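Just so you know, the protein sequences line up as chains H and X, in that order.
Using the UniProt record's numbering, you'd call the opening residue of the first sequence number 1 and step up by one each time.
Using the UniProt record's numbering, you'd call the opening residue of the second sequence number 1 and step up by one each time.
Cβ atoms here follow ideal geometry from the backbone N, Cα and C, with glycine treated the same way.
As the structure is a prediction and not an experimental result, all values here were calculated from the model.
Following: one structure in structure tokens, then a few remarks.
Protein chains: 2
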Amino acid sequence: MHTVTLGPSGTYSHRAAGAVATDDEIEFRESIRDIVDAVADGDAARGVVPIENSIEGSVTETLDALAERDVAVVREVITPIKHGLLAQSEEFDTVASHPQALAQCREYLDEHYPDASIEAVASTARGVELAGEDPSVAGIGHPDNATGDLKVIAADIQDRRSNATRFFVLAPPAARSDAGGKSSFVVYPGANYPGLLLELLEPFADRGVNLTRVESRPSGEHLGDYLFHLDVDGGLFEERTQAALAEVEEIAENGWVRKLGSYDVEHVV
Amino acid sequence: MHTVTLGPSGTYSHRAAGAVATDDEIEFRESIRDIVDAVADGDAARGVVPIENSIEGSVTETLDALAERDVAVVREVITPIKHGLLAQSEEFDTVASHPQALAQCREYLDEHYPDASIEAVASTARGVELAGEDPSVAGIGHPDNATGDLKVIAADIQDRRSNATRFFVLAPPAARSDAGGKSSFVVYPGANYPGLLLELLEPFADRGVNLTRVESRPSGEHLGDYLFHLDVDGGLFEERTQAALAEVEEIAENGWVRKLGSYDVEHVV
């Protein structure tokens, strides 16, 4: 199926997209927003976007795009992140990578290359591309990307051993499914009073539906006004999930609730 | 008092630091981490760091640094963000700014300058500095920074009208106070089971202590393992806050609870 994800070739998003599409079905876009727009506008059948990393946390651009455009989440893909430092030799003075990859390798870079300039670029793959063109630049990426003149200067340079990224596979709203063991919602309560967040979480707890993740994002209205992204261990096909959600919809009567979808999880090595 | 904040001169952090220090007491550091370290290590009496923006949400680098180093939060400062597009003329092809400012102006830039290259630099002030040096570059910053050859090409270019940033004023642990109407904590439960987050929030709700903000951040251990940043409307001097916190500490018996401090809020224009 025609699938869009973050390019260029060799990004972790590209690896994750391999779980749902063959290489010749994959087309690259420059930003998360472009991917969500392509799926919402019917220009692509599937989109693969990072949602959360075990070190850096949520990818806020994805959370915000999911709150603004109507797309379905149809699958979750988890990939281990194995960052290598890739350069033509050890004689580089700049490390160029995606801000999140730079943050994930902050401790290593501070310790081993305290004098290197840090340059934020649009993707890990773009940093690796620069490193291939310019001997004064190092990139960060999966060791598989050390092609041409590039060498793996160091492997596994991420700050902690366990580093994995969750991706959402997006589809047009018509593909939204009640099947699958996990579900995600976005709730804008349209109100703000003591105990509101607790009130939103209780309907799930009362029915034994485990909330695996709660993220608040600013509504953009004013400081302290939030919308909430909820992930639960429970399919939308389950009565208890539906009942909990109905209660949440009542609480959010002056706001809105978006059911992103139910899905299963797939692990990619 | 000797105060460190994000430089160079003219950042929003610099404006916020003006609430606690005179200009000749302020020294600039390059990163949030450097500021938190300077305060924790006793190299500075106060540090001023952004914690949350009404459009972009939490500043995760600050959250993570507060979880790792022992510093006290002694005040909160809220400043309105008024982004202008600053350049020598309209003949620029690159917009250079801090990633958060770029994100805050994404809609404006997409609409008015869809072909401009976007360059992420370390601070809004650094982008403005580049714009002053190079006519092909535009920066984003408070209109007050349009000095020298720089003109205000457009004012109020942030995506939504209400844009404000919360800053924390940090001090060494000895300056931690129980006074002040708001309090902040970091909780690492050291456990993960259904209903855990709810259990952590209930002690506050049971006593009528309003939780104004809950943020989860990855513990770095594995995907799905979080620590939580909590802000409450209640001083640590209050018995109800102390009682709620004692209950939270019991729940987190295999983890830890850090009391960042109690503080009052100040608004800067």
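message: Please return the same chain residues whose Cβ sits closer than 8 Å to the Cβ of Arg240(X), not counting the five positions on each side in sequence.
response: Arg207, Gly208, Val209 and Gly234
message: Between Glu266(X), Glu56(X), Leu6(X) and Gly42(X), which has its C-alpha nearest Val71(X)'s C-alpha?
response: Gly42(X)
- prompt: At least one CB of chain X closer than 9 Å to the CB of Thr3(H): is that the case?
  reply: no
- request: Closer than 6 Å by C-beta to Gln88(H): which residues in its own chain qualify, once you throw out the five before and the five after it? Chain order, please.
  value: Pro135 and Asp149
Completely contained beta strand (DSSP E) runs for the region 1-41 of chain X, where each covers 3 or more residues: 3-6 and 26-29
task: Output, in sequence order along the chain, the residues in the region 98-110 of chain H whose CB is closer than 7 Å to any CB in chain X.
output: Pro99
query: Out of Ala244(H), Leu260(H) and Asn192(H), which has the shortest C-alpha to C-alpha gap to Asn254(H)?
result: Ranking Ala244(H), Leu260(H) and Asn192(H) by Cα distance to Asn254(H) puts Asn192(H) first.
message: Let's test the definition: count the other Cβ atoms within 10 Å of the Cβ of Ser123(X) and tell me whether it reaches 16, buried, or not, exposed.
response: Flag for Ser123(X) reads buried.
message: Against Thr212(H), what residues of chain X qualify as contacts under a CB-to-CB distance less than 8 Å, listed in chain order?
response: Gly224
query: Between Leu102(H) and the rest of its own chain, which residues show a CB-CB distance below 8 Å, the 5 nearest in sequence each way excluded?
result: So the qualifying residues of the chain are Val95, Leu109, Ile118, Ala120 and Ile140.
query: How big is the Cα-Cα spacing for Ser58(H) and Ala131(X)?
result: Taking the straight line from one Cα to the other gives about 32 Å.
task: On the DSSP bridge assignment, give the partners of Phe204(X) in chain order.
output: Note: Phe204(X) sits in no beta bridge, so no partner.
task: Closer than 8 Å by beta-carbon distance: list the chain H residues that pair up with Arg217(X), in chain order.
output: Gly57
Nearest-angstrom Cβ-Cβ length linking Ala65(H) and Val36(H), presumed shorter than 8 Å: 4 Å between Cβ atoms; contact.
task: Given a cut-off of 9 Å, decide if Leu201(H) and Leu198(X) are closer than it, judged by their beta-carbon atoms.
output: In this structure, Leu201(H) lies closer than 9 Å to Leu198(X) by Cβ.
field: Cutoff 7 Å; reference Leu260(X); Cβ partners in own chain excluding five residues on either side
entry: Beyond the five residues adjoining it in sequence on each side, Leu260(X) comes within less than 7 Å, by CB distance, of Leu66, Ala72, Val73, Ser184, Phe185 and Val186 in the same chain, given in chain order.
query: For the region 3-10 of chain X against the region 19-33 of chain X, are there 3 or more C-beta pairs whose distance is under 8 Å?
result: yes
- request: Find the residues of chain B that neighbour Glu202(H), judging by a C-beta separation of less than 8 Å, and give them in chain order.
  value: In summary, chain B is missing from the structure at hand, where the protein chains are H and X.
- request: Please look up how many angstroms separate the CB atoms of Leu236(H) and Leu211(H), rounded, as I've assumed it's under 8 Å.
  value: That belief does not hold up - the Cβ atoms of Leu236(H) and Leu211(H) are roughly 15 Å apart, past 8 Å.
task: Determine which residues of the region 58-71 of chain H have a Cβ less than 9 Å from any Cβ of chain X, and write them out in chain order.
output: Ser58, Thr60, Glu61, Leu63 and Asp64
Bridge partners - Glu76(X), DSSP secondary structure assignment: Phe168(X) and Val265(X)
task: Taking only beta carbons into account, state which residues of the region 173-197 of chain H come closer than 7 Å to chain X, listed in chain order.
output: Pro194, Gly195 and Leu197
message: Strictly below 7 Å CB to CB, what residues from chain H border Arg160(X)?
response: Gly220, listed in chain order.
message: Rounding to the nearest angstrom, what Cα-Cα distance links Glu107(X) and Asp159(X) in this structure?
response: 6 Å
- prompt: Can you tell which of Arg217(H), Asn53(H), His222(H) and His112(H) has the C-alpha that lies nearest to the C-alpha of Ile153(H)?
  reply: His112(H)
query: Whose C-beta lies closer than 7 Å to the C-beta of Ala40(H) among residues of the same chain, with five residues either side of it excluded?
result: Correct list, in chain order: Arg69, Asp70 and Val71.
- prompt: If you compare alpha carbons, which of Pro218(H), Gln100(H) and Asp225(H) is closest to Glu52(H)?
  reply: Gln100(H)
message: What does the alpha-carbon distance come out to for the pair Pro143(H) and Pro50(H)?
response: Distance between the alpha carbons of Pro143(H) and Pro50(H): 20 Å.
query: For a contact meaning CB atoms closer than 7 Å, what does residue 342(H) contact in chain X?
result: This structure leaves residue 342(H) out entirely; chain H is present only between 1 and 269.
field: Where Glu90(X) sits in the DSSP three-state scheme
entry: coil
query: Taking Cβ-Cβ distances below 7 Å as the criterion, which residues of the region 117-129 of chain H are in contact with chain X?
result: Ala120
- prompt: Do Val214(H) and Val214(X) have their C-beta atoms closer together than 9 Å?
  reply: yes
- request: Please go through the UniProt domain "ACT" (185-262) of chain X and give each complete alpha helix (DSSP H) segment of 4 or more residues, from N-terminal end onward.
  value: 196-206 and 239-251
query: With 16 as the cutoff for other CB atoms within 10 Å, does Tyr155(H) come out buried or exposed?
result: In the sequence as displayed, the identity of residue 155(H) is Ala instead of Tyr. Label assigned to Ala155(H): exposed.
- prompt: What are the partner residues of Glu52(X), as DSSP defines its beta bridges?
  reply: In the DSSP secondary-structure assignment, Glu52(X) is bridged to Ser58(X) and Arg166(X).
field: Beta carbon of Ala252(H) nearer than 9 Å to that of Ala171(H)
entry: no
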